[in-house]
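Heads up: the sequence lines are chains Y and H, in that order.
The first sequence lines up with residues 2 to 78 when you count with the working numbering.
The second sequence lines up with residues 17 to 532 when you count with the working numbering.
Down below is the structure, laid out as structure tokens.
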Amino acid sequence: MSEQPSRSVGFLVLERLTGTVLVLVLLSLGWMIGVGYLPEQASHPSTEVEVLIVLGLLVAALVLVSVVALLHTRSDS
Amino acid sequence: MDDEPRLTIPSNLDAVVNEVVAEAHVRPHELRPEERAYLKEHALKKPLRVLDIWALGVGVVITGEYFGWNLGLKDNGPVAMLIASLIVCLLYLTWVLALAELSVAMPFAGGPLAYGRRAVNPWLGFVMGWSMFLECQFATIATALATGSYIAFLFNPEDPNPTFSVVAALATVLLFFLLHALGVKEQSTVMVIMTYGAILGLVLFWIAALPYFSWERVWPQPVLPARKGWQAVLEAVPYALWWLVMIETVALAAEEAHEPQRSIPRGLVWAQLTLIVLVVLTWLFACGAVDSQELAVTLRPDGHGGTTEELVDYPLAKAMQMLWAKRSPALVYGFGLIALFGMIASYHGMVYGTSRQAFALGRAGYLPAFLGRVHVVRRTPILSLLVCSLLTAAFVVANLWFKDAIAVAVLVSTLSALVWYILAMGCLFILRRREPHLFHAYRVPLHRVLPIAVVLLSVFSIYVYSVINVQVIPLTVVLYLLGIGYFGFWAHRRLQTAAPEELAARQSGPLSETPS
């Protein structure tokens with residue numbers, strides 16, 4: 002069975018950043034539930050900006066988690 | 017008697033038993049002779065490697081690209097569907113990483129049964145195993161129905177016959193029961209071929225949709241429906257789950273995986289990343305080429321001068337029909353045939369998942385024991401395959417009277433899945449604290465944050481079921497009560513101590529004692 006290799010400083014920083022972005026995404030889900038009860042805001046000019054921010058957070062989270070997962074999997078080979 | 021042919025039992029069963037025992041963290045000398053004999057009689061073969069795991073992961077899920085997700089577009093629009101899809105992609109990416117840690121630590125066909133059993137007690141093991149069984153069984157039903165719909169579409173794209181669709185679905189159920197009865201390695205080869213075919217089908221769709229692509233359809237104004245706002249995203253999430261549900265079937269393959277500590281994490285991660293790319297591109301080209309509402313519903317005359325909305329079971333085929341029927345009917349039919357690869361690849365994996373889960377529950381005594389038997393030579397769980405296929409067939413026939421069967425099956429499957437995702441993370445935290453030695457072979461990155469993210473994303477997804485107007489929650493509750501009732505009144509006094517999941521739980525101390 003393989004042992005987990007020691008982590009580089011760069012990988013640890015990447016993990017921290019990924020964790021932070023994940024937390025932001027989770028907070029945005031809570032916000033989404035709250036604002037979901039305010040449909041009259043849908044045509045508000047800021048909605049498009051809100052959508053772009055949420056999409057940006059989600060894409061960032063996906064990219065960062067993917068990178069961390071691939072690096073982690075490769076280090077186990 | 018001397019003239020009767022002798023059955024040849026595989027000679028490597030002792031090696032398989034030793035490997036299962038090692039994976040249960042049990043020393044061989046602790047095994048009683050009758051327990052060793054039981055394991056030998058119920059052993060599965062171990063041929064699966066990284067590519068097989070990847071193919072199983074992608075193949076079992078890829079049907080979600082071909083149908084089901086489109087129902088989330090109804091009255092919600094493409095942007096809401098995109099946001100919901102990315103939330104689901106993140107849930108599943110974090111989920112498969114955390115699942116890999118559990119799966120490598122306890123590589124048994126029981127999967128969630130083993131996790132719950134070892135972490136807490138047989139009751140939690142049953143609830144988690146039953147959750148996954150419901151998830152797999154209803155996903156199988158939905159996919160069988162959708163396969164029948166795609167076949168019916170091929171024969172009459174303008175107005176597919178619902179009765180023919182049911183007959184085609186039943187033929188699919190029968191064919192794949194027979195195929196699965198052959199054995200794991202043969203299934204794996206078929207799965208790899210089908211998966212490549214299904215991916216090819218999606219690429220073909222993207223290329224065919226490209227000439228008709230419009231950014232205005234993908235990014236309309238307003239970006240979210242004026243009457244709903246962000247609620248549209250919430251309503252789309254349960255259907256977005258269908259993109260990726262069932263990938264955890266791979267966890268059940270751990271008992272049949274060669275070097276699971278390597279093949280499971282690598283196979284799962286690559287499968288998930290492949291699927292995320294497929295999700296985004298399929299959404300983009302489908303919503304860019306065709307109005308999103310037409311992908312979700314078809315308006316048909318109701319015979320009284322008005323129209324009725326019919327949910328679309330074959331969105332990509334419908335899009336091809338709308339875009340290319342007049343210019344190139346051959347392309348439409350060709351795509352329809354290739355799309356069947358997607359349906360079949362997933363149906364293949366879903367039958368695998370359903371039968372393995374039923375097998376593991378039967379082998380351990382949590383469900384009727386006959387489900388846990390394997391064919392003497394083929395070593396396949398033929399009786400659980402038969403029961404699951406019969407259940408699927410029964411629901412397929414019921415579709416003749418209940419037209420929303422696919423939507424209900426999709427939602428019951430995804431809701432059941434979310435229940436056991438949350439419970440699995442609870443088991444992970446408990447076992448990490450109590451038995452850290454289980455995880456020496458593989459540990460997930462983002463050690464604490466990632467499982468918490470899985471829980472919160474799953475809780476969020478369950479919450480939104482209360483937002484959508486489909487009565488799946490009572491139905492799901494009834495199914496759980498039926499299972500828990502059987503376990504509580506009958507099975508929990510008749511657990512099989514020699515099953516790998518029970519052997520593994522024996523190592524964890526007082527909580528592992530089997531109730532008398």
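Heads up, the beta-carbon is just placed ideally off N, CA and C, and yes, glycines get one too.
Being a predicted model, the structure only gives us computed values, none of them experimental.
Under a three-way DSSP split, which group does residue i fall into?
| i | result |
| --- | --- |
| H/R510 | coil |
| H/L416 | coil |
| H/A273 | strand |
| Y/L28 | helix |
| H/L332 | helix |
| H/L64 | strand |
| Y/F12 | helix |
| H/I223 | helix |
| Y/G37 | coil |
| H/P397 | coil |
| H/R233 | helix |
| H/Y479 | helix |
| H/W246 | coil |
| Y/R75 | helix |
| H/D341 | Note that residue 341 of chain H is Ala in the sequence shown, not Asp. Coil. |
| Y/V66 | helix |
| H/L240 | coil |
| H/H364 | helix |
| H/I25 | Its pLDDT being 43, under 50, H/I25 is placed unreliably in this model, and the coordinates cannot settle the point. |
| Y/S7 | Any answer about Y/S7 is weak, because its pLDDT of 49 lies below 50 and its placement is not dependable; what the coordinates show is given next. Coil. |
| H/Y382 | coil |
| H/P490 | helix |
Could you tell me the alpha carbon to alpha carbon distance between residue i and residue j, rounded to whole angstroms?
| i | j | result |
| --- | --- | --- |
| H/V428 | H/G352 | 27 Å |
| H/F539 | H/L218 | The shown model of chain H, from 17 to 532, leaves out residue 539 of chain H, and the question about it has no answer. |
| H/I99 | Y/L28 | 15 Å |
| H/L216 | H/S165 | 20 Å |
| H/G304 | H/E232 | 8 Å |
| H/A187 | H/P317 | 30 Å |
| H/L511 | H/T396 | 22 Å |
| H/Y382 | H/A376 | 8 Å |
| H/M441 | H/W146 | 16 Å |
| H/N92 | Y/L23 | 25 Å |
| H/L257 | H/V104 | 6 Å |
| H/W299 | H/L113 | 24 Å |
| H/F445 | H/L102 | 26 Å |
| H/G127 | H/A96 | 34 Å |
| Y/V64 | H/L406 | 42 Å |
| H/V206 | H/S279 | 19 Å |
| H/E451 | H/R464 | 16 Å |
| H/T163 | H/Y349 | 15 Å |
| H/L64 | H/R343 | 44 Å |
| H/T324 | H/L311 | 15 Å |
| H/A421 | H/A155 | 11 Å |
| H/V424 | H/Y255 | 11 Å |
| Y/T48 | H/L327 | 29 Å |
| Y/V26 | Y/V36 | 15 Å |
| H/A361 | H/V234 | 29 Å |
| Y/Y38 | H/M122 | 43 Å |
Quick check: is any heavy atom of the ligand MG less than 8 Å from the C-beta of residue i?
| i | result |
| --- | --- |
| H/A130 | Although the ligand MG was asked about, the structure shown includes no ligands whatsoever. |
Quickly, what does DSSP pair residue i with across the bridge? List them, please.
| i | result |
| --- | --- |
| H/V313 | H/L327 |
Cβ closer than 8 Å: which chain H residues qualify as neighbours of residue i?
| i | result |
| --- | --- |
| Y/A61 | Residues of chain H passing the Cβ test: none, with the nearest at roughly 10 Å. |
| Y/L71 | V285, L289 |
| Y/V52 | V95, I99, V239, L240 |
Below 7 Å on C-beta distance, what does residue i contact in chain Y?
| i | result |
| --- | --- |
| H/T110 | V66 |
| H/W246 | M33, V36, G37 |
| H/V249 | M33 |
| H/R448 | Here the premise fails: no neighbours, minimum Cβ distance about 14 Å. |
| H/L472 | L27 |
Using a C-beta to C-beta distance shorter than 9 Å, which residues of chain Y count as neighbours of residue i?
| i | result |
| --- | --- |
| H/C476 | Contrary to the premise, residue 476 of chain H reads as Phe rather than Cys in this sequence. Result: L27, L30, G31, M33, I34. |
| H/I209 | Chain Y residues near H/I209: none, gap ~25 Å exceeds 9 Å. |
| H/I292 | L63, S67 |
| H/L106 | L23, V26, L59, A62, L63, V66 |
| H/A341 | Those do not exist, as H/A341 stays about 34 Å from chain Y at its closest Cβ, beyond 9 Å. |
Identify the contact partners of residue i in chain Y, using a Cβ-Cβ distance below 8 Å as the criterion.
| i | result |
| --- | --- |
| H/Y479 | I34 |
| H/P397 | What H/P397 touches in chain Y: nothing, since even the nearest Cβ is about 28 Å away. |
| H/L102 | L56, L59, V60, L63 |
In chain H, which residues lie less than 7 Å from residue i when you measure between Cβ atoms?
| i | result |
| --- | --- |
| Y/G20 | L462, V465 |
| Y/V55 | I99 |
Counting only Cβ pairs nearer than 9 Å, list the residues of chain H close to residue i.
| i | result |
| --- | --- |
| Y/L13 | Within chain H, no residue comes near Y/L13; the closest Cβ sits about 10 Å away, beyond 9 Å. |
Whole alpha helix (DSSP H) runs in the stretch 129 to 202 of chain H with 4 or more residues, listed along the chain?
138 to 171, 178 to 196
So within the stretch 70 to 116 of chain H, which uninterrupted beta strand (DSSP E) runs reach at least 3 residues, ignoring any that extend past its ends?
Segments of the beta strand (DSSP E) lying fully in the stretch 70 to 116 of chain H: there are none.
Starting from the N-terminal side, write out each stretch of the alpha helix (DSSP H) that is 4 residues or longer and does not extend beyond the stretch 402 to 474 of chain H.
Taken in chain order, the unbroken stretches of alpha helix (DSSP H) that lie wholly in the stretch 402 to 474 of chain H and span 4 residues or more are 421 to 450.
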